[in-house]
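First to last, the sequence lines map onto chains A and B. If you read the first sequence in the working numbering, its first letter stands for residue 1, the second for the next number, and so on. If you read the second sequence in the working numbering, its first letter stands for residue 1001, the second for the next number, and so on. A short write-up of the structure that comes next.
Protein chains: 2
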Amino acid sequence: MTDVVVIPRATISRLPVYFRVLMELSHMEVSLVSSDELAARSGVSSSQLRKDLSYFGEFGIRGAGYDVGFLLQKIREILGIHREWRLVIAGAGKLGTALARYSGFAQHGLEVAALFDIDPGKQGKMTGKIPVLPMEDLTGFVQEHDIQIGVITVPAQAAQGVADLMVRAGLKGIWNFAPVRIEVPDDVIVQYEDLVVGLLTLSHHLSRRMR
Amino acid sequence: MTDVVVIPRATISRLPVYFRVLMELSHMEVSLVSSDELAARSGVSSSQLRKDLSYFGEFGIRGAGYDVGFLLQKIREILGIHREWRLVIAGAGKLGTALARYSGFAQHGLEVAALFDIDPGKQGKMTGKIPVLPMEDLTGFVQEHDIQIGVITVPAQAAQGVADLMVRAGLKGIWNFAPVRIEVPDDVIVQYEDLVVGLLTLSHHLSRRMR
DNA sequence: TCCGGATTGTGAATTATTTCACATTCATTT
DNA sequence: AAATGAATGTGAAATAATTCACAATCCGGA
């Protein structure tokens, strides 16, 4: 009877926020921060913050607060960004190329190695420093360049095919922007991202309020 | 003592998924669907689906299922997309221009009217059929063209200034891609969208599993 | 070395969300 | 018109997440 500690989904999604705030504090040369201060800057309650961190260990100093550098390193480890991840993007359309050039990733140890597309008109071009390659080269590229994560930015109807390709190539994590569920083996993790959800949530609240 | 029905956040975020599945069914000329079927296609349990819909009314036919067209219309109304929304995007960088051209919006009655940027090098150009205008023209444009929603895709440090501008222009809904909290009056709704969260969530799960 | 002030870490209480299970209701058949 | 079968709608139960509140502990000063 080992009791498995289950970490709430929402806790994980708040860690990147804490991380970012800690980075700011670090740049401001702040070396110690209380849960009250860190929570306020992150937009959560201080008990929420402390509970979130408590799932992973005891990182604070009672009576004092948290050492910014130390906590930063701990969150880095929890989020798995103390190591580098390399990723490829399938679909060199608007979204794929925008993501490829997005600077937010590099800041977190994430390197976009290549884009892939079935359209020969896009192949061979460069998006910034990143090459656009034929989709059929994905498997070889992934294996040669030690890639771990695949990003899907192709149209919905092509998403399952691309996912299958990524699974066969050995990728263990898929970040899926196509608005469809995809089927993958149990050892592959899929993270869904649906931009329309956010906008329609806003639309819903707006239209409620204007009613 | 009127009991206020509070609708779970998560319920709202599932409606766009149901909507999309219903659209597919509609294209497949399916006119009646059971909660089991609709739920399975949406990746939720059937009781979840029924409970979600029950917050808004009784839309089904006991013993039979849901009329696809009727439910589609009801969800359209709940999400506020039975009317048209017009939006402007502040920040004509990678993300802003990618969003401007994203076809997913038009499909939901959302029209991107213009992009705004402080960089004169970007002003005057067109992104598809959408003009890129100077940031100082935002207020006038919003008022002349009856815009309701503002999208922020500028760097974090510029986000608050842009939000202030949008508030002054009279926008009541803001979709914020900048990774910072912004301060707005109570009558303005802010929807946050942080792409890094999804990727770092994936990174976390991956690194746990590889441990 | 002891004391006072401050802040963490965490069980317990509360609140929110999901699932269960079945009474209710509707369409269809006889 | 009544009986049958099927699937919704929904209170109640179970589970999950958040907040509360305070004991535990640490820092710094006397």
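Glycine included, every Cβ here is placed at the ideal spot set by N, Cα and C. Because the structure is a prediction, the values reported are computed rather than measured.
- Counting along the chain, no alpha helix (DSSP H) covers residue 1089 (chain B); the unbroken beta strand (DSSP E) around it starts and ends at 1085-1090.
- A distance below 8 Å separates the beta carbons of residue 1110 (chain B) and residue 1087 (chain B).
- Beyond the five residues adjoining it in sequence on each side, residue 76 (chain A) comes within less than 7 Å, by CB distance, of 82 in the same chain, given in chain order.
- Straight-line spacing of the CA atoms in residue 1100 (chain B) and residue 5 (chain A) works out to 43 Å.
- The segment 133-157 of chain A is shown to contain whole beta strand (DSSP E) runs of 3 or more residues at 149-152, in chain order.
- Beta-bridge analysis with DSSP links residue 1067 (chain B) to B:1032.
- Closest in alpha carbon position to residue 108 (chain A), among B:1206, B:1197 and B:1011, is B:1197.
- Between residue 16 (chain A) and residue 1029 (chain B), the alpha-carbon positions lie close to 43 Å from each other.
- About 20 Å separates the beta carbon of residue 169 (chain A) from that of residue 122 (chain A), a gap too long to meet the 8 Å contact definition.
- For residue 1106 (chain B), the enclosing alpha helix (DSSP H) begins and ends at 1103-1106.
- If you look at residue 111 (chain A), you'll find it in the beta strand (DSSP E) that goes 110-117.
- One thing to note: residue 66 (chain A) has its Cβ no nearer than 8 Å to the Cβ of residue 7 (chain A).
- Within a 10 Å sphere around the beta-carbon of residue 106 (chain A) sit fewer than 16 other beta-carbons, which makes this residue exposed.
- By the beta-carbon neighbour count (other beta carbons within 10 angstroms, threshold 16), residue 166 (chain A) is buried.
- The shortest CA-to-CA distance from residue 1058 (chain B) to any of B:1040, B:1044 and B:1035 is the one to B:1035.
- At a cut-off of 8 Å between C-beta atoms, residue 98 (chain A) counts as an interface residue with respect to chain B.
- Cβ-Cβ separation between residue 153 (chain A) and residue 96 (chain A): approximately 4 Å, consistent with a contact (criterion under 8 Å).
- At the C-beta level, residue 1135 (chain B) and residue 1090 (chain B) come within 8 Å of one another.
- The straight-line gap separating the alpha-carbon atoms of residue 147 (chain A) and residue 113 (chain A) is approximately 8 Å.
- When Cβ-Cβ separations below 8 Å define contact, residue 1193 (chain B) makes contact with chain A.
- Using beta-carbon distances, residue 48 (chain A) does not count as an interface residue toward chain B, since no partner is under 8 Å.
- Looking only at B:1037, B:1098, B:1162 and B:1176, the smallest Cα-Cα distance to residue 1190 (chain B) is reached by B:1176.
- Counting only Cβ-Cβ distances below 7 Å, residue 80 (chain A) has contacts in chain B at 1203, 1204, 1206 and 1207, in chain order.
- Under DSSP, residue 1127 (chain B) forms a beta bridge with B:1130.
- Annotated three-state conformation of residue 174 (chain A) is strand, per DSSP.
- Under the 8 Å criterion on CB atoms, residue 35 (chain A) is classed as non-interfacial with respect to chain B.
- With fewer than 16 other beta carbons inside 10 angstroms of its own, residue 45 (chain A) counts as exposed.
- Near chain A, meaning a CB-to-CB distance below 7 Å, the residues of the segment 1165-1181 of chain B are 1172, 1173, 1175, 1179 and 1181.
- According to the DSSP assignment, residue 1017 (chain B) belongs to the alpha helix (DSSP H) that extends over 1009-1027.
- DSSP, reduced to helix, strand and coil, places residue 161 (chain A) within a helical segment of the structure shown.
- For residue 1196 (chain B), the three-state secondary structure derived from DSSP is helix.
- At least 8 Å separates the CB of residue 1027 (chain B) from every CB of chain A.
- The residue from A:205, A:180 and A:207 with its alpha-carbon nearest to that of residue 1020 (chain B) is A:180.
- Excluding the 5 residues flanking it on each side, residue 143 (chain A) has same chain C-beta neighbours closer than 8 Å at 169 and 170, in chain order.
- Taken atom to atom, the span from the alpha-carbon of residue 38 (chain A) to that of residue 192 (chain A) is near 28 Å.
- In the DSSP annotation of this structure, residue 1045 (chain B) is not part of any alpha helix (DSSP H), being labelled neither H nor E.
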